[in-house]
Each structure stands twice: as structure tokens, then as C-alpha cells.
Amino acid sequence: RLSILPDDEIVSISDIYAPAWLYENEMHDLFGVKVKMMSTDYHGTLYRLKNKTPYRKETAASQPEKAGAQRPGNVAAQQPEKQEEK
Numbered sequence: 640r641l642s643i644l645p646d647d648e649i650v651s652i653s654d655i656y657a658p659a660w661l662y663e664n665e666m667h668d669l670f671g672v673k674v675k676m677m678s679t680d681y682h683g684t685l686y687r688l689k690n691k692t693p694y695r696k697e698t699a700a701s702q703p704e705k706a707g708a709q710r711p712g713n714v715a716a717q718q719p720e721k722q723e724e725k
């Protein structure tokens, strides 16, 4: 587990462990972690994402978890509409 401030950078380990370039690019694209000195840097384009850094805490907290999910407290969306009988 890694805990860093939003503006902090970490140093790449891809010169020690070559396959790390993939994980480092994933951390950058999905969480917004800044990694310097990567051997292979996709500059945020490894994945085609609708939302930039979707798993970053402040980004994830601002969006519903699943498609069609409603935010807590949205009572109107939680109760189905009653249909009138004819």
C-alpha cells in the first residue's frame, strides 16, 4: 500500500524490475500517481478512460460507484414510481 500526497512523485523501479513499467503506467492513469524516470512512459494514455484518474480518492468520491447507482440521500431515485390502475 502506498500513501502519498497528491503532488508527490515516486521514483520508478523499472530499471531494477523491467515489467514494473506497466504497473507504474497503471498507477499514473488510474490513480494519478506521478512516477518519474519510467523506462516506458505512456504519459497518461495507457488506457482510454472517460474520467481521468477514476480510482483516485477525490475522483471516486465525487462519482456514483456503478452505472445507474444513485448517491446516498437521493430518496426520489430510490423509490419506484407507482403506476395508476386503469
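Numbering-wise, our numbering puts 724 at position 85 of the sequence shown, and it's gapless, one number per residue.
Think of the CB as a built atom: it goes at the ideal place given N, C-alpha and C, for glycine as much as any other residue.
Secondary structure of K696 (DSSP, three-state): helix. In the DSSP assignment, I649 falls within the beta strand (DSSP E) that extends over E648 to V650. Listed in chain order, the non-local C-beta contacts of L685 below 6 angstroms within the same chain comprise N664 and D668, local neighbours out to five positions each way being set aside.
Sorting P658, N690 and K696 by C-alpha distance to the C-alpha of D680 places P658 at the top. Per DSSP, K689 is not a residue of any beta strand (DSSP E), being assigned neither H nor E. The residue among Y694, S653, M666 and T692 with its C-alpha nearest the C-alpha of S678 is S653.
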